[in-house]
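Peer 1: Before anything else, here's the structure in question.
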Amino acid sequence: MKIGIVTDGKYGERAFENIQRIFSCEWIQVEEISSSQILDDYKLEIPECDLYISYLRHPDQVIALAELGKPTLLGISFGAGFFKQIHEINQEVLAFPTMCSLEPNTGIFEIDTFAHYFGRPKYVCELDEQEKKIKKIEIIRSSPCGSSKVGPNFIKLKEISPTNLQDFAIHVCHECRAPRFGRTCDKELSGLIHIRSLLGSLKNKYDFKDETILKFIEEIEKEYNTRLEKR
0 MKIGIVTDGK YGERAFENIQ RIFSCEWIQV EEISSSQILD DYKLEIPECD LYISYLRHPD
60 QVIALAELGK PTLLGISFGA GFFKQIHEIN QEVLAFPTMC SLEPNTGIFE IDTFAHYFGR
120 PKYVCELDEQ EKKIKKIEII RSSPCGSSKV GPNFIKLKEI SPTNLQDFAI HVCHECRAPR
180 FGRTCDKELS GLIHIRSLLG SLKNKYDFKD ETILKFIEEI EKEYNTRLEK R
């Protein structure tokens, strides 16, 4: 499967570096155009790919990409109204709260194939039962930008505690390449997603009895749901 990273050059470089390790991947850079400029009858002439991931910042360029009729993920989106318009053009264009929210359950073959490797992070943890520390973390699925691979370095061999879990999330946020443009990924939501994924991987191995941890998990779930509702 061939994936095209379509960008005006500002975003997508880290995703390209990571994705090309698994898939045939092409960097497709188009002209950068001011978002205030209206593009009439704009056409994109780009290499054909099985799946496009768009980091374009001009909505008319995104519309032109959707008109190609290929499965497409919007790394940068422009809100619910815009997405509804895009979806009427091409039902295989999808946008998620963050690129690390994607899971292989869309029903679109190309997107689900991609999402087996990239999207919502998935960890397998090995515990030191005696000391209640994470001895080893294997990354089964990573965010496209690769921040999922950085966070574990800051919690491995440390006690499972709110402080260490927050430190893990802070380092994920620091490495997150979520573009701050329009209604798109946000780093704080990415941090929450990674904490939830890490805690999920521990659920069957670690008995969460400590009241401090339980309260922390409750607060994380509340904050996560609040952020999703605001999007």
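Using numbering that gives the first Met the number 0, you'd call the opening residue of the sequence shown number 0 and step up by one each time.
Beta carbons: idealized from backbone N, C-alpha and C, even for Gly.
Quick caveat: nothing in here was measured; it's all calculated off a predicted structure.
1. What number of angstroms, rounded off, separates the C-alpha of F207 from the C-alpha of S147?
2. Taking L101 as the reference, give the member of N224, Y54, P143, F167 with the closest Cα.
3. Name the DSSP beta bridge partners of I138, please?
4. Keeping to the same chain, check which residues put their C-beta closer than 6 Å to that of L73; ignore five residues upstream and five downstream.
5. Can you check DSSP and say which residues form a bridge with T71?
6. What are the boundary residues of the beta strand (DSSP E) that S23 is part of?
7. How is the alpha helix (DSSP H) around I194 delimited, first residue to last?
8. Going by alpha carbons, who is nearest to Q60 out of G199, E44, E218, S200?
9. If I measure Cβ to Cβ from E25 and keep anything under 8 Å in the same chain, skipping five residues before and after, which residues do I get?
10. Do S196 and Y122 count as a contact pair if the criterion is CB distance below 8 Å?
11. Can you give me the C-alpha to C-alpha distance between Q165 and E158, rounded to a whole angstrom?
12. Under the rule that 16 or more other beta-carbon atoms within 10 Å means buried, what is H193, buried or exposed?
13. Verify whether the separation of the beta carbon atoms of G150 and V171 is less than 8 Å.
14. Is the CB-CB distance between E91 and P70 below 8 Å?
15. Could you tell me the boundaries of the beta strand (DSSP E) in which I4 lies?
Peer 2: Based on what the coordinates show:
1. F207 and S147: Cα-Cα distance of roughly 23 Å.
2. It is P143.
3. In DSSP, I138 forms a bridge with Y122.
4. Same-chain partners within the cutoff: S53, A94.
5. Looking at the DSSP assignment, T71 forms a beta bridge with Y51, V92.
6. Taken as a continuous stretch (DSSP letters only), the beta strand (DSSP E) holding S23 covers 23-28.
7. Run containing I194: 186-201, per the alpha helix (DSSP H) assignment.
8. Out of G199, E44, E218, S200, E44 has the C-alpha closest to the C-alpha of Q60.
9. These residues qualify, in order along the chain: K1, I2, G3, I4, P46, C48.
10. Yes, the pair counts as a contact, with Cβ atoms nearer than the cut-off.
11. Rounded to whole angstroms, Q165 to E158 spans 12 Å at the Cα level.
12. By the beta-carbon neighbour count (other beta carbons within 10 angstroms, threshold 16), H193 is buried.
13. Result yes, Cβ atoms of G150 and V171 sit closer than 8 Å.
14. Yes, Cβ-Cβ distance for E91 and P70 is below 8 Å.
15. Per DSSP, I4 belongs to the beta strand (DSSP E) from 1-6.
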